[in-house]
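Those letters in the sequence shown? Residues 2 to 240, by the UniProt record's numbering.
Backbone N, C-alpha and C fix where the C-beta goes; we use that ideal spot for every residue, glycine too.
Note sheet for the following structure.
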Amino acid sequence: TEKRTLLYEGKAKNLYLTDDERIVLAAYKDQATALNGKKKDQIAGKGELNNQITSLIFRELNRRGVKTHFIEQVSKTEQLNTKVDIIPLEVVVRNYTAGSFSKRFGIEEGVKFPTPIVEFYYKNDDLDDPFINDAHVKFLDIASDDEIAFLKQAALETDAILTDIFTKIGLKLIDFKLEYGRLPDGTIILADEVSPDTSRLWDADNNHLDKDVYRRDLGDIIPVYQKVLADLQAEFEGK
Ligand code: C5P
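Structure follows, in structure tokens:
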């Protein structure tokens, strides 16, 4: 087997170059982190679950016309993605109050917003991913006005599709984080992952089926992520 060149080492996955310069291989890892890496654990089986969940969701997003980097899942822990230059923004969409929003404004979790809220965070570990506004994005030369408008619109369209996907398996999509990247011609497409690591998913009884189980020491994430995957597979793959 060929030796792969590591392109990028992340907290939750590694990216490798492939024989095709337009394609990268994402290998999902068993590492879980929270508090910007201050809490860290190896959780056997997590990489497999997030790769499978993300693959299923991105397949569905592609099918419904969202332009994404996802090409195909190639093993339990790996998928092929179109190579992009990642825009250093975490685009967070919130449908209900939770997490840092609830903390910042002193509002209980689980209050539904009349319309979803889009937020930008500057992807920078040294700075702890600060919350930034449109003017900051422009000043830092991260994206143009047109691109900022595109990102907000695209994130809201993806929110509508993801909300539909999770509603079909009885889960409320509380909030989530997206990342976008540029193709060589400047086209912006959805990249990274969508999984219980990057979203908040609550069931009808407001049980948390997401990484808050790890962040808040509520129990073992593996059976939780397994349930999310199994329910998605039953709904979308007839398994
Ligand atoms: O922490 P906060 O409430 O701002 O997170 C909002 C959403 O973005 C959550 O679903 C969380 O899992 C996700 N997120 C993420 N990666 C980060 C920060 C937040 O996936 N670095």
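Query                                                                                                                                                                                          : Result
Can the beta-carbon of THR6 be found closer than 9 Å to that of GLU194?                                                                                                                        : no
Which class does THR2 belong to by DSSP, given the choice of helix, strand or coil?                                                                                                            : Confidence at THR2 is low in this model, with a pLDDT of 49, below 50, so the placement of that residue should be treated as unreliable; the coordinate-derived value is given next. In this structure, THR2 counts as coil in the three-state DSSP scheme.
When you compare only the Cα positions, how much space is there between ASP145 and ASP126?                                                                                                     : In the sequence as displayed, the identity of residue 145 is Ser instead of Asp. Using only the alpha carbons, I get a separation of about 23 Å.
Do LEU230 and LEU50 have their C-beta atoms within less than 9 Å of each other?                                                                                                                : yes
By alpha-carbon positions, which one of PRO185, ASP211, THR83, ALA99 ends up nearest to GLN74?                                                                                                 : THR83
Using a threshold of 9 Å, state whether the C-beta atoms of ALA99 and GLY107 are closer than that.                                                                                             : no
SER101 lies in the alpha helix (DSSP H); which residues open and close that run?                                                                                                               : 100 to 106
Ends of the beta strand (DSSP E) at LYS40?                                                                                                                                                     : 40 to 43
Collect the residues with a C-beta less than 6 Å away from any heavy atom of the ligand C5P and give them in sequence order along the chain.                                                   : GLU91, VAL93, ALA99, GLY100, SER101, PHE102, ASP130, ASP176, PHE177, LYS178, THR199, SER200, ARG201, LYS212
Can you tell which of ASP204, ILE87, ASP130 has its C-alpha closest to the C-alpha of LEU36?                                                                                                   : ASP130
Do ALA33 and ASP20 have their C-beta atoms within less than 9 Å of each other?                                                                                                                 : no
Give me the Cα-Cα distance between ARG201 and SER101, rounded to the nearest whole angstrom.                                                                                                   : 12 Å
Take every Cβ of the region 84 to 93, pair it with every Cβ of the region 210 to 218, and state whether three or more of those distances are shorter than 8 Å.                                 : no
If you follow the beta strand (DSSP E) that ALA35 is in, where does it begin and where does it stop?                                                                                           : 32 to 35
Compute the Euclidean distance between the alpha carbons of GLY182 and ASP206, then round it to the nearest angstrom.                                                                          : 36 Å
Could you tell me the distance, in whole angstroms, from the CA atom of LYS77 to the CA atom of GLN53?                                                                                         : 7 Å
Quick check on the DSSP output: the alpha helix (DSSP H) that includes LYS139 runs from which residue to which?                                                                                : 135 to 140
Taking the alpha helix (DSSP H) that PRO224 falls in, what are its first and last residues?                                                                                                    : 222 to 237
Starting from VAL93, trace the beta strand (DSSP E) in both directions and tell me its first and last residue.                                                                                 : 90 to 97
What distance in whole Å lies between the Cβ atoms of VAL67 and ALA156, which are believed to be in contact at a cut-off of 8 Å?                                                               : About 11 Å; that fails the 8 Å criterion.
Starting from the C-beta of LEU128, find all residues in its chain whose C-beta is less than 6 Å away, skip the five residues before and the five after it, and write them out in chain order. : none
Per DSSP, residue 1 is paired with what?                                                                                                                                                       : The question about residue 1 has no answer, for the chain in this structure spans 2 to 240.
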